[in-house]
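Protein chains in written order, with UniProt numbering: chain A, 1 to 648; chain B, 1 to 648.
There are 2 protein chains.
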Amino acid sequence: MATNASSTEDVPPEEAQPTKQNGEANQNNKPAKDTNAGHESLKYSLLGPSLTKAGQDSVDQSKVSEIIYEASKGSKFFSREEAKDKILTAKISHILAKKARLDKLDLTRDLRAADTLIAQLELSRDLTQHIVHLDCDAFYAAVELLDRPELADVPFAVGGGVLTTCNYVARKFGCRSGMAGFVAKKLCPQLVFLPLNFEKYNAKAAEVREVLAEYDPRFESASIDEAYLNITEYCAEKGMGPAEVVEQMRREIHEKTKITVSAGIAANSKLAKICSNMNKPNGQFVLPSDRTAIMEFMRDLPCRKLNGVGRVFERELAAVGVKTCGDIYGQRQYLNQLFGEKAYEFLMTCYLGLGRTSVQPAEEYERKSVGTESTFKDMSDPVQLREKLRWTAEELEKDMRRAECKGRTLVLKVKLHTYEVFTRQVVTPKAVYLADDLYNYSLPILAKLEQERPGMKLRLMGLRCTHLVSTKKPDTLAFFGLKPRRTESAGSADEQSGSPHAKRVQRDGEWEQWPEEALDGYELEMDKDGTSETREQSGSPFRRHGKEVLSNPTPKKAQSVPEEEWWDCPICSRPQAANERLFNEHIDLCLSRQAIRDTVQQEAALSSTGSTGTTPESRRSGSVGEKKRGRPAHGRGPDPRQKKLCFG
Amino acid sequence: MATNASSTEDVPPEEAQPTKQNGEANQNNKPAKDTNAGHESLKYSLLGPSLTKAGQDSVDQSKVSEIIYEASKGSKFFSREEAKDKILTAKISHILAKKARLDKLDLTRDLRAADTLIAQLELSRDLTQHIVHLDCDAFYAAVELLDRPELADVPFAVGGGVLTTCNYVARKFGCRSGMAGFVAKKLCPQLVFLPLNFEKYNAKAAEVREVLAEYDPRFESASIDEAYLNITEYCAEKGMGPAEVVEQMRREIHEKTKITVSAGIAANSKLAKICSNMNKPNGQFVLPSDRTAIMEFMRDLPCRKLNGVGRVFERELAAVGVKTCGDIYGQRQYLNQLFGEKAYEFLMTCYLGLGRTSVQPAEEYERKSVGTESTFKDMSDPVQLREKLRWTAEELEKDMRRAECKGRTLVLKVKLHTYEVFTRQVVTPKAVYLADDLYNYSLPILAKLEQERPGMKLRLMGLRCTHLVSTKKPDTLAFFGLKPRRTESAGSADEQSGSPHAKRVQRDGEWEQWPEEALDGYELEMDKDGTSETREQSGSPFRRHGKEVLSNPTPKKAQSVPEEEWWDCPICSRPQAANERLFNEHIDLCLSRQAIRDTVQQEAALSSTGSTGTTPESRRSGSVGEKKRGRPAHGRGPDPRQKKLCFG
DNA sequence: GTGGAGTCC
DNA sequence: AATGGGACTCCAC
DNA sequence: GGGCAAGTT
DNA sequence: TCGTAACTTGCCC
Ligand SMILES: Nc1ncnc2c1ncn2[C@H]1C[C@H](O)[C@@H](COP(=O)(O)OP(=O)(O)OP(=O)(O)O)O1
Ligand SMILES: Nc1ncnc2c1ncn2[C@H]1C[C@H](O)[C@@H](COP(=O)(O)OP(=O)(O)OP(=O)(O)O)O1
Ligand SMILES: [Mg+2]
Ligand SMILES: [Mg+2]
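Laid out in structure tokens, this is it:
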């Protein structure tokens, strides 16, 4: 139990700087402290990705770290982590070297560029909106607790092999999301394991959203247990303050759903997200919409708290002297060169505490991929692998049906027994979704992989479709503002096995049952003392905790919408609004689809604020919808839930 | 007469590289070749700014250079040029040093950024349009020749102190635009000097434009003697090829106006501009709208031929190994760091041979400044200087009346007897244009300047208004497409001495006569043997060869336009369309005028192609006007005549 | 925003 | 003896 | 566009 | 009890 300096807090270890001290150590030809220093960062890494985000601390991280380290030592997983840690350490010293070389250069240009950017960004600051980020407390655990009230005071976790979450009792022991079950058990031998019940979580999530819609009908579901709301309008109408509104909302959620939520209230979504973690669980935090208050808040905020900053980036930043967001300013002249344009701009907005002030329903975003993957016992037999691929393809077909789309490229993913991951993709001659197609097109690349590494032993296989084309009718949904969901899609346009199969049950995110594959059935039900050790079954078709795009529940009145006519694009076969000009525009667009897509994307990235790009979609907006200032009704933009490092 | 290597052609001298050779020379402590090397670049510089553009060569530049050098030697002007040359040489060695330091760095990121940019730009290539650049041959000279046919075969120039142009006979002697008269006389003792007659040039220019309107009613006047046309439509309608059309057009111009023009035909305006110089005079050149043809054309094109590349940039580029546009590619990883974002992007588009394919009438651009300046005998007496300032202010008032605008900031410019130039500006508490105001507001900054440099001796004084506010009614002119000019502006909105004084005579660019200031009258008429050396009088109110925005002549039918109503913005006092939404939008905008202006500007610069910014103006466009593909009816954009290095 | 430099006609 | 005038853009501060 | 690393829930 | 699954973005080649 090495009680080294600064290891009782969840702060990252100091980077071993190539200083004189280190040089001296090398002179001795004996890296005395190096073994230890190596452990430092590795141990920190082993703490897992969800470290600071979990909210509750007051845990002796050094003990936790030690236990995890001991539990992990020697495993293949550990080796892999070790290797990655080495690589990262090398990468960081490379960064530092580059910074040193950069220092010899004249950086005034970069400095001024940064200041210009800051000034420009500052102009875009909007403090007029009240954005709320809501996050359910220990969500899966909370849901499970409703059915198992006796677990209220005992530490328990949801998920077996890896914890998806655990209750706050368990967190006191150091248990966290993403932690291996057996490690958690070491940390907390009394820990109870519960299996996953996605239906329940989805149903509960729907209940919560039901309440949210009253406060902002255009709220944005950011994940199964999170949402953003813009309550500016609500506050104005009701003559209430934001904190007051959120208290009421949280009370109402608690009453109606019996679960507790935490909330952050701030001028933009990035800040709100950070704030929702401040008073977890069952609390809320208001960051005043005041420039200096925001700047001070950011100044002392550890970078790791930022939404796009994980273990790796945290270490890299710390190495160049950036630990808090306030530190960013002092290093602004390096950041572009060291970390690239995107990260640089992201960090700038973070330093300033800027973020999105728009909030848009999830169904206005375009899903970009559908996939499935599973872990299994090490496998190298080619026949078995083909069986597994077949099975994976069938799983994927189900998901594709549910998603109502096909894919034009197929990605095969494998993880070796060493935890090395490889992916290989093919573009299919046509958009596919049937298991047969998925299998037949992915088989060759699996074969090629086998050839590349003969006798490879797999622990995971996955398939994913990208370059999706929707088979849903309401492709242009967003153009006309929030259209109610009952499209029912009696489509004849894309007859190719049109799968009018997927009917959604209203508002609980369920769908018609698919024939449950009878499989390696571990239908485990863990008892409370956690003795019956069963492998988690993650192959259930209800395992979704990924992308499930549901309409926001309509709060009161259902608005009526005229029945539109649709024309199908001969190129992409997506239905289009029956308007000649628009249709032609779309075809033009489609003809150089990818090219234009890339261009637009890059442009959007370049021009940070306001400018709307050139797609016909964006051209269309502006005539209908909310005229609420600062909350324009966007057409399908990028997915704001994702923490793209880009501001906006 | 030093006949040094490579001095018989108009190529710039080699930069004295800081190579070993140079280092050795320094060891000798005797810069043996340095004196010579210094002369090289200085002589080249003395050749004047309009070197390669003049078109005709086959002149022994070494002789010319030598004569100019000898004629200039010892003058204050020469000293100043010498000093500037030194500074530039130093700057270039600084650039080279930076490049060397850059070489120690990892430039793969910059390299890839450049390649990405190239790819992106390539996507925007539009080869579908036929753009023509027309340029009158030796324009002023050609116009003068019509009245003096006996000068056909004798070398003559227009303008006294400095030649504005000269005929092609004179050019054989090395005479050029911008050359000092006395120098030209040394080069060509027989040279005849003619005084300027701006009325004639403007009238003739209008005649030419009359013809142009038949071929493209939306042609763009780029200067008094140049225009861009998009003849794609015309070609299609008439079933003629571009070369054929342009031949016909040039023939027609020659028949109707008796002057000859040269033309370049290419896929975009940048290329067309270059091409119009290829077969001057009275010739045309077609660059095939074929990617590889264009790339090859650019590959061997000296950078100096590019519209934004002058003497200085040419030398800087040559120093880093970029002499032709093809050379740009090899150095692309350095260009951003060495020359800045704008120059970098500009050079990239040049390497690719890309440029604007849009052409828009001049009246759709917004003038940004109005000014006047004049050179005089060295003057340091404060009283005289005040008189001069007073006179300048009065000149400016006239120009402001003609321009129908006021200015919110005032720029005083002085040139010392040493040719050093200084400017000082003030923002006026309100928009001004009256001579009294101009004088009273600029006097303090003149005084301050006098204080800064006691006893300063001036050779030039100028005043310029910027941040203009128009007092014309049709502020929103561009929104409704090309509106005919007869606005007549019986304005009552801005009553403050509304100056309904400026009435324009139709289509010849003249305006009502202002009381001619009786001044130091040198009403010179030079005789053909050029013995009577008189100082050019440039103070005439008809001296305009600057910005005179005239409507394109309407080719056949005059379109009728409904009489609009105008509301005046309480902030900027500019008239606005009488539409409540638009008006409110405008006011919002005005309230944070500068801030937003800057933002938009920067954004426009950032997002290179297509994206349209966020001003209400730009939002408005798109519903009316040409639906011609690739020729969108723009709202007031930036002035494309100006060679901003930005691609667009 | 200010001042200087470069560019073009 | 002696080197223009109007306008615009970009950059560094 | 392919492959991979990183981040988030 | 034996280190998840689904999804996105960004960088590099
Ligand atoms: N690494 C993970 N893998 C799979 N599922 C996860 C993972 N992390 C979280 N989840 C699931 C389970 C969580 O209950 C749910 C919401 O996550 P999150 O909000 O981050 O934590 P939490 O709601 O469980 O606790 P809290 O928000 O109180 O910290 O998402
Ligand atoms: N410094 C200057 N350089 C060039 N032209 C100038 C200058 N000052 C005034 N002008 C006027 C006179 C020109 O006739 C007119 C058009 O210029 P420009 O087209 O460049 O040359 P040009 O028409 O005289 O000859 P050409 O086009 O045949 O080379 O602009
Ligand atoms: Mg949560
Ligand atoms: Mg000309």
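Cβ coordinates follow ideal geometry from the N, Cα and C atoms, glycine included.
Under 5 Å from any heavy atom of ligand 3, by CB: list those residues in chain order, please. Near ligand 3, meaning a beta-carbon closer than 5 Å to one of its heavy atoms, we find A:Asp135, A:Cys136, A:Phe139 and A:Asp225.
When you measure from the CB of proline 361 of chain B to every non-hydrogen atom of ligand 1, does any distance come out below 7 Å? No - ligand 1 has no heavy atom lying nearer than 7 Å to the Cβ of proline 361 of chain B.
DSSP state of phenylalanine 376 of chain A, grouped into three classes? Strand at phenylalanine 376 of chain A.
When the cut-off is 8 Å and only beta carbons count, does lysine 104 of chain B lie next to chain A? Chain A contact via Cβ: present.
Would you say lysine 472 of chain B reaches chain A, if we count a Cβ-Cβ gap shorter than 8 Å as a contact? With 8 Å as the cut-off, lysine 472 of chain B does not count as an interface residue toward chain A.
Determine, using beta carbons only, whether alanine 435 of chain A and alanine 393 of chain A come nearer to each other than 8 Å. Taking the C-beta atoms as reference points, alanine 393 of chain A is found nearer than 8 Å to alanine 435 of chain A.
Taking 7 Å as the line, does the beta carbon of residue 651 of chain A fall inside it for any heavy atom of ligand 1? An answer regarding residue 651 of chain A cannot be provided, because it is not within the stretch 1 to 648 covered by chain A.
For ligand 2, I want to know if proline 429 of chain B counts as a neighbour, meaning its beta carbon is within less than 7 Å of at least one of the ligand's heavy atoms. Proximity of the beta carbon of proline 429 of chain B to ligand 2 is not indicated: no heavy atom of the ligand is located closer than 7 Å.
Is there at least one Cβ from chain A nearer than 8 Å to alanine 558 of chain B's Cβ? Note that alanine 558 of chain B scores a pLDDT of 42, beneath 50, so its modelled location is shaky and nothing firm can be said.
Please confirm whether lysine 99 of chain A has its beta-carbon closer than 8 Å to some beta-carbon of chain B. Not closer than 8 Å to any Cβ of chain B, the Cβ of lysine 99 of chain A fails to qualify, so no.
Given a threshold of 16 other Cβ atoms within 10 Å of its Cβ, counted over all protein chains shown, does phenylalanine 339 of chain B qualify as buried or as exposed? It is buried - the Cβ of phenylalanine 339 of chain B has at least 16 other Cβ atoms within 10 Å.
Does the segment 188–207 of chain B come within contact of the segment 137–153 of chain B, defined as at least 3 CB pairs closer than 8 Å? The segment 188–207 of chain B, when compared against the segment 137–153 of chain B, does touch it at the 8 Å Cβ threshold.
Is threonine 349 of chain B near ligand 2, with its Cβ less than 7 Å from a heavy atom? Not so, every heavy atom of ligand 2 lies at least 7 Å from the Cβ.
Using DSSP with H/G/I as helix, E/B as strand and the rest coil, what is asparagine 26 of chain B? With a pLDDT of only 39 at asparagine 26 of chain B, under the threshold of 50, the placement of this residue in the model should not be trusted; the figure read from the coordinates follows. In the three-state scheme derived from DSSP, where H, G and I count as helix and E and B as strand, asparagine 26 of chain B is classed as helix.
Could you give the DSSP three-state label for threonine 357 of chain A: helix, strand or coil? Reduced to three states, the DSSP call for threonine 357 of chain A is coil.
Work out the CA separation of lysine 388 of chain B and serine 442 of chain B for me, nearest whole Å. Rounded to the nearest angstrom, the two C-alpha atoms are 12 Å apart.
Between A:Lys472, A:Arg109, A:Asn552 and A:Glu210, which has its C-alpha nearest cysteine 405 of chain A's C-alpha? Minimum Cα-Cα distance from cysteine 405 of chain A among the listed residues A:Lys472, A:Arg109, A:Asn552 and A:Glu210 corresponds to A:Lys472.
Have a look at A:Arg171, A:Leu271 and A:Asn279 and flag the residue whose alpha-carbon is nearest the alpha-carbon of threonine 260 of chain A. With respect to the C-alpha of threonine 260 of chain A, the residue from A:Arg171, A:Leu271 and A:Asn279 having the closest C-alpha is A:Asn279.
Quick check on the burial criterion: 16 or more other C-beta atoms within 10 angstroms. Buried or exposed for glutamine 384 of chain A? By the neighbour-count definition (other C-beta atoms within 10 Å, threshold 16), glutamine 384 of chain A is an exposed residue.
Can you check whether the C-beta of isoleucine 587 of chain A is within less than 8 Å of a C-beta belonging to chain B? Bear in mind that the predicted position of isoleucine 587 of chain A carries a pLDDT of just 48, short of 50, making it unreliable; the figure below should be weighed with that in mind. Not an interface residue.
Count the CB pairs spanning the segment 88–99 of chain A and the segment 418–431 of chain A that are closer than 8 Å, and state whether there are at least three. Judged by Cβ distances under 8 Å, the segment 88–99 of chain A makes no contact with the segment 418–431 of chain A, as fewer than three pairs qualify.
Could you check if histidine 94 of chain A is buried or exposed, using at least 16 other CB atoms within 10 Å of its CB as the buried criterion? So histidine 94 of chain A counts as exposed.
Does proline 75 of chain B pass the burial test, meaning 16 or more other C-beta atoms within 10 Å, or should it be called exposed? Correcting the residue identity first, residue 75 of chain B is serine in this sequence and not proline. Classification of serine 75 of chain B: exposed, given that the 10 Å Cβ count is below 16.
In the segment 236–322 of chain A, which residue ranges form an unbroken alpha helix (DSSP H) of at least 4 residues, counting only runs that do not cross its ends? Within the segment 236–322 of chain A, the complete alpha helix (DSSP H) runs of at least 4 residues are 242–257, 269–276, 291–299 and 311–319.
Quick one: does the C-beta of threonine 128 of chain B sit closer than 7 Å to a heavy atom of ligand 2? Result no, Cβ not under 7 Å from ligand 2.
Would you check if the distance between the CB atom of leucine 194 of chain B and the CB atom of valine 158 of chain B is smaller than 8 Å? Yes; because the gap between Cβ atoms is below 8 Å, this pair is in contact.
Arginine 408 of chain A in three-state terms, based on DSSP: Strand.
Determine the direct distance from the alpha carbon of tyrosine 334 of chain B to that of aspartate 106 of chain B, and round the result to whole angstroms. Going by the C-alpha atoms only, they are around 11 Å apart.
For phenylalanine 285 of chain B, I'd like the list of residues in its chain whose CB is within less than 6 Å of its CB, leaving aside the five on either flank, ordered along the chain. Excluding sequence positions up to five before and after phenylalanine 285 of chain B, its CB lies within less than 6 Å of the CB of Gly264, Cys275, Met278 and Asn279, all in the same chain and listed in chain order.
Given serine 369 of chain A, which residues of its chain have a CB within under 6 Å of its CB, disregarding the five upstream and five downstream residues? Cβ within range, chain order: Arg464 and Thr466.
Distance, glutamine 129 of chain A Cα to methionine 348 of chain A Cα: Roughly 21 Å separates the two Cα atoms.
May I have the straight-line CA-CA distance separating glutamine 248 of chain B from alanine 205 of chain B, to the nearest angstrom? In a straight line, the C-alpha of glutamine 248 of chain B is about 18 Å away from that of alanine 205 of chain B.
Pair within 8 Å by beta-carbon distance, valine 414 of chain B and leucine 449 of chain B: Yes, they are a contact pair.
With distance defined between alpha-carbon atoms, name the residue in A:Glu66, A:Met179 and A:His417 nearest to serine 79 of chain A. Comparing alpha-carbon positions, the option among A:Glu66, A:Met179 and A:His417 lying closest to serine 79 of chain A turns out to be A:His417.
Jot down the residue ranges of each uninterrupted beta strand (DSSP E) in the segment 416–440 of chain A, minimum 3 residues, whole runs only, in chain order. Counting whole runs of 3 or more residues, the segment 416–440 of chain A contains the beta strand (DSSP E) stretches 421–432.
Start and end of the beta strand (DSSP E) containing alanine 141 of chain A? For alanine 141 of chain A, no beta strand (DSSP E) run applies; the uninterrupted alpha helix (DSSP H) run containing it begins and ends at 139–147, by DSSP.
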